[in-house]
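The sequence shown begins at -10 in the numbering used here and counts up one residue at a time.
Data block below; observations after.
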Amino acid sequence: LRRLDLLTAEEAGRAQEASSLPEQVRAVVDILAGKGSHACQSLQTFIETTNSQLYLHITVYEPMVQKHLESLQSYYGNSLETGPLQRLSNLLLVEGLTDIQQKEHDILQMEATKGLRNVSKSIPLEKLFLPLSKVSIPPRISVTIGVAGIGKSTLVKLFVYTWAKGEINRDIIFVLPLTFRELNAYEKLSAERLICSAFPHITEPNCISAGAARTLLILDGLDEFKTPLDFSNTVVCTDPKKEIQVDNLITNIIRGNLLRDASVWVTSRPTAASQIPGGLVDRMTEIRGFRAAEMKDFLDQMFLDNRDLSSQVLHHIRANRSLHVMCTVPAFCWISGSSIAYYLKNSTDQPQETPVVPKTLSEIYSYYFKMALSGDWPEKPRETLRIEQAVNNSKKIVGSLGRLAFYSLLKKKHVFYEQDMKAYGIDLSLLQSSLCSRLLLKEETQSSMAYYFSHLTIQEFLAALYYYTAAKRAIFDLFTESGVSWPKLGFLNHFKSAVQRSLQAEDRQLDVFVRFLAGLLSPQVNKLLSGWLLVKDEHNSFRSQAISFLQGCLNTNYVISSRAVNTMHCLYEIQHMEIAKTVEEAMKNESLAGMLTPVNCSALAYLLQVSDVCREETNLSNCLTYNVCKSLLSQLLFCHNLRLDNNQFKDNVMELLGSVLSGKDCQIQKLR
């Protein structure tokens, strides 16, 4: 419009078609097209006097929108990772969180559900904020969930970059992507200051707070927010200029007291998403993991120059049912793929040592850490640093990071700032090392530098390493950071304390930590890390007593929960599988009848998740009683093909099975 004097009548027509000008302004444009600079001045005066909102849009909002688009294109175009992103272009449309998603650790969720959701509907990314039908309205609050490392932040980057290029959702004027890592840096904010501090080029935030321009506010990573959201005690605020506590600001935005006309998109791990009341969520979606072809493409891209190595890694992953399920998560697939490739190269280079292929979580992460410590990575040649020097340089770093990892895990804290690093004695200059760059990532926010472990399991393994090392010399309870507690002497007492705390914790967030702790007592892990992070053969002093204690945790009544299954995982990590092998053999021979004691029931519940015997069909014929059936209910949910012949069930058992089949989590497809 400013260059009206240069427009021909035909060009003016095209400009009008592409805009939403009021009819009277269109008529004036028709008259003045091609009439020179005087005509342009006349149009400006006309719009200014007859339609002040339009004039404001042309002179203020439009340049601001353009600058915002350029800013997002520049930032997200550079930060968007390459790789197979097709998986993120379609999300699963879900009806809410299942019980297991609200209560269990991400890894336990994956293991129980085999990485699959019983969902038939999906929604393409470009329709995420559109009505589902002609009679419905666009969602105001959308929540996308996914386990750690599945690609939530990558999804946000993909959406923002695609939108900024004008390819999707062109009806949205402003997309405002924020992370909870950024919000952690503030104590108090107003709605308008929130916008201005994150996007300084938006000089008129009132056009957003007043609803003059359609806006999408993205809040990425709720699980990384330092303060739990309390919707039941929200202090109501409707003034966009008033500064309030950041957690109150977020709850007021989600409730619609602030930025009422803006759409809000929250991403989160499932357990943290349960903070938002279901009644406030208009649409919930979930990111699915890799399918078989996508996993192959991902590994091929990891080992671009060695397709043979990629095929071997994939073969090893597929051979281990539990590992294959976990590798549907991209971040875990990268860690596992790196570790198995390292094992394969070392077994070829040093055939006389014949190392064992990594199968347990602890073995996977031991190879990963050994690779990180030695500087041997898939994408670069081995560094020439002497091993002794690498050990000396790295032990201090791993020890400091381990202490940070452990006490932060207890506080459910996964993002750290410079003050956190200094509090745990971590030299910021050491964070530039190649070791730290593989364990700890950093992100520059508006006001500070944020650090976070490259995956939740990296934090958990480091925490277990710290606890294992500290427990050998600690005289007080390590779970009390201040050190003020009743004396607790000896490694085994500290080991028992960790397992008991895991069993008692309602949020199950210590389950994988204790698996790693048990795994550090296995002969194979000791062999891998001795001389690096562990002392050779020291596990022999504690291993048998730790096994006895873990088995004692299984001698309960007929109540098989995920706690008992996790204890079986601990026994697998410590490489003591006698109970599970006995029960698995009985399953193969269909001779389970009469041997399902509480301990064997725990082993059976574990095998239902991980055993190849149950891959095609779960055969529980002629072996179930009412008590056994009741104890296994939570595990039977996830058996796809369930065979229960000749069990002579009575009505009470049939009622139990009916409750299983009607459950939201139920994945049973065939029942015999």
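The beta-carbon is built from N, C-alpha and C at its ideal position, and this holds for glycine as well.
Quiz prompt | C-beta atoms of A320 and H444 nearer than 8 Å | solution = In this structure, A320 places its C-beta atom within 8 Å of the C-beta atom of H444.
Exercise. Could you tell me which of A101, A261, S252 sits nearest to L218, measuring between CA atoms?
Key: Taking each of A101, A261, S252 in turn and checking the Cα distance to L218, the smallest one comes out for A261.
Self-check item: Span of the alpha helix (DSSP H), counted from its first residue to its last, around T204
Solution: DSSP places T204 in no alpha helix (DSSP H) but in the uninterrupted beta strand (DSSP E) bounded by 204 to 209.
Quiz item: Which residues does DSSP pair with V253 in a beta bridge?
Solution: Per DSSP, I130, L206.
Quiz item: If you follow the alpha helix (DSSP H) that V488 is part of, which residue opens it and which one closes it?
Solution: Start and end: 480 to 493.
Quiz item: Measuring CA to CA, which of E579, K577, C590, A575 is closest to Q540?
Solution: Selected option, being the one with the closest Cα: C590.
Practice problem: Starting from the Cα of Q435, find the closest Cα among R170, P127, Y50, G135 and give me that residue. | Solution: Answer by Cα proximity: R170.
Quiz item: Is it true that the CB of E275 sits closer than 8 Å to the CB of G135?
Solution: Pairing G135 with E275 gives a Cβ-Cβ distance under 8 Å.
Quiz item: Are three or more beta carbon pairs between the stretch 445 to 464 and the stretch 381 to 394 nearer than 8 Å?
Solution: Yes, since at least three Cβ pairs between the stretch 445 to 464 and the stretch 381 to 394 fall closer than 8 Å, the two stretches touch.
Quiz item: Does the distance from the C-beta atom of C542 to that of L481 stay below 8 Å?
Solution: With a cutoff of 8 Å on beta-carbon distance, C542 and L481 are scored as not near each other.
Quiz prompt | Own chain residues within Cβ distance below 6 Å of T168, not counting five before or after | solution = Correct list, in chain order: D209, G210.
Quiz prompt | Between the CA atoms of P229 and G200 - distance to the nearest angstrom | solution = Their backbone Cα atoms lie some 12 Å apart in a straight line.
Quiz item: For the alpha helix (DSSP H) that M284 lies in, which residues bound it at each end?
Solution: From DSSP, the alpha helix (DSSP H) with M284 extends over 281 to 291.
Practice problem: Using DSSP bridges, identify the partner residues of I464. | Solution: Bridge partners of I464: none, in fact.
Quiz item: Are the CB atoms of F450 and F405 nearer to each other than 8 Å?
Solution: No. Outside cutoff.
Quiz item: On the three-state DSSP scale, how would you describe I161?
Solution: In the three-state scheme derived from DSSP, where H, G and I count as helix and E and B as strand, I161 is classed as coil.
Quiz item: Looking at C-alpha atoms only, which residue of R203, A137, A187, F188 is the closest neighbour of R159?
Solution: Measuring from the Cα of R159, the nearest candidate turns out to be R203.
Quiz item: Is the Cβ-Cβ distance between V602 and K570 less than 8 Å?
Solution: K570 sits away from V602, with the two beta carbons spaced by 8 Å or more.
Quiz item: Relative to the C-alpha of L509, which residue among E181, C226, L523, D496 is closest?
Solution: With respect to the C-alpha of L509, the residue from E181, C226, L523, D496 having the closest C-alpha is L523.
Self-check item: Continuous alpha helix (DSSP H) assignments of at least 4 residues falling wholly in the stretch 570 to 609
Solution: Segments of the alpha helix (DSSP H) lying fully in the stretch 570 to 609: 587 to 599, 602 to 605.
Quiz item: Would you report the Cα separation of L646 and C618, rounded to the nearest angstrom?
Solution: Taking the straight line from one Cα to the other gives about 9 Å.
Practice problem: Tell me whether G267 is buried or exposed, calling it buried when 16 or more other Cβ atoms sit within 10 Å of its Cβ. | Solution: Counting Cβ neighbours within 10 Å, G267 comes out exposed, since fewer than 16 surround it.
Practice problem: Check whether the Cβ atoms of Y65 and V149 sit closer than 8 Å, and answer yes or no. | Solution: A contact, by the Cβ cut-off of 8 Å.
Quiz item: What first and last residue would you give for the beta strand (DSSP E) that runs through V83?
Solution: Residues 79 to 83.
Self-check item: Whole-number beta carbon distance between R632 and R310, since they are thought to touch under 8 Å
Solution: That belief does not hold up - the Cβ atoms of R310 and R632 are roughly 19 Å apart, past 8 Å.
Practice problem: With a 10 Å radius around its C-beta and 16 neighbouring C-beta atoms as the bar for buried, classify M643 as buried or exposed. | Solution: With a threshold of 16 other beta carbon atoms within 10 Å, M643 falls short and is exposed.
Quiz prompt | F442: first and last residue of the uninterrupted beta strand (DSSP E) it sits in | solution = Counting along the chain, the beta strand (DSSP E) containing F442 begins and ends at 438 to 442.
Self-check item: Contact under 8 Å by Cβ, S263 with D212
Solution: Their beta carbons are not under 8 Å apart, which means S263 does not touch D212 by this criterion.
Quiz item: Would the beta-carbon of C628 fall within 8 Å of that of T607?
Solution: Contact flag set, yes.
Quiz item: Would you say S351 and V514 are within 8 Å of each other, going by their C-beta atoms?
Solution: The Cβ atoms of S351 and V514 lie closer than 8 Å to each other.
Practice problem: Could you tell me which residues DSSP puts in a beta bridge with Q234? | Solution: Answer is K177, bridged to Q234.
Exercise. Taking 8 Å as the cut-off, decide whether the C-beta atoms of L669 and G155 are in contact.
Key: Because the chain spans -10 through 661 in this model, residue 669 falls outside it and cannot be assessed.
Practice problem: Tell me whether L560 sits in a helix, a strand or coil according to DSSP, three-state version. | Solution: In this structure, DSSP gives L560 a helical state, which the three-state scheme calls helix.
Practice problem: Assign A592 to buried or exposed, taking buried as 16 or more other Cβ atoms, counted over all protein chains shown, within 10 Å of its Cβ. | Solution: Its Cβ being crowded by 16 or more others within 10 Å, A592 is buried.
Quiz prompt | Short Cβ contact (8 Å threshold) for L626 with Q598 | solution = When the beta-carbon positions are compared, L626 and Q598 stay at least 8 Å from each other.
Self-check item: Given 8 Å, three or more beta-carbon pairs between the stretch 113 to 127 and the stretch 76 to 91
Solution: In the pairwise beta carbon analysis, the stretch 113 to 127 is classified as touching the stretch 76 to 91: at least three pairs are separated by under 8 Å.
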